[in-house]
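So the structure is just underneath, and the comments pick up after that.
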C-alpha cells in the first residue's frame, strides 16, 4: 500500500532523516503546487512552517509538525491510523539468530534479524524512546535453540528492563500469518513469520511490567 503525503520540510538534515525512515514504510512525498490542492495535513518542520506563514495566511493551514525522529515515527503511525500508542508488541523467534518483529495495532514497525540479545534490546529501546508506549509486551517461542540462548537469562534480562514477557506456543508458527499487517516493508522469511505469529498468540506470562 503506497501512501503519498504533501510535504514542506526545509531543514536538509531533518528531511534526509525523514526520507530514510519513511521509505521503509512505503510512504512517498510530494511538494504541493499550491496549498488548496492538499487534501489532508501538510507535513512541515518549524523552518518550513515559518516560510509558509510569511507567504500566506496560515490561519486555516492544517499541518503536522516534525522536528526529530520521535515525531517522525509518530507521524508514520498516524499515517496508518494510529494516534495513541498504548502497547508495543514484540515477537521473538529464537533460532541461530534472533528473528523479531515490533508491532503496534497491526502496524509493523520493524522486522529483521539480530546477532545478540543486546542488539534486540537496543532496537526495542529505540522504539520505546520514540513512541513512549504505556507498556511493551515481548513474546518468545520455546524452540530447540532456546537452551543455546540461555532462555532463563534472556527472560530475566527482559523482565529487568520493565517489559511484560510471555512464552507463547511455537507450533506451526513459521507458516504465513493469517493476520494482515501494514507498515514496514520486509521480506517475510519463515523466521519472521514465526516472530509475527507469536505476537498474536496467547502465552504464559513470565512477568507483568
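Residue numbers (our numbering): 912 to 1120.
Ideal Cβ placement from N, Cα and C applies to all residues, glycine included.
Note that this is a predicted model, so its numbers are computed, not measured.
request  = Determine the contact status of residue 979 and residue 1095, defining contact as a CB-CB distance below 8 Å.
outcome  = no
request  = Go through the region 1021 to 1062 residue by residue and report every complete run of the alpha helix (DSSP H) that reaches 4 residues or more, in order.
outcome  = 1028 to 1042 and 1057 to 1060
request  = Give the DSSP-derived three-state secondary structure of residue 1114 in the structure shown.
outcome  = In this structure, residue 1114 counts as strand in the three-state DSSP scheme.
inquiry  = Suppose you measure from the CA of residue 925 to the CA of residue 976; what does that come to, to the nearest Å?
reply    = 12 Å
Cα-Cα separation between residue 942 and residue 918, rounded to whole angstroms = 5 Å
message = Output needed for residue 1016: all residues of its chain with C-beta closer than 7 Å, excluding positions within five of it in sequence on either side, in chain order.
response = 993
key: Host alpha helix (DSSP H) of residue 965 (start-end)   = 957 to 966
ask   = According to DSSP, which residues form a beta bridge with residue 940?
value = 916
ask   = Per the contact definition of three or more C-beta pairs closer than 8 Å, is the region 1011 to 1025 in contact with the region 1038 to 1051?
value = The region 1038 to 1051, when compared against the region 1011 to 1025, does touch it at the 8 Å Cβ threshold.
task = Evaluate the contact criterion for the region 944 to 957 versus the region 994 to 1003: three or more CB pairs, one atom per stretch, below 8 Å.
result = no
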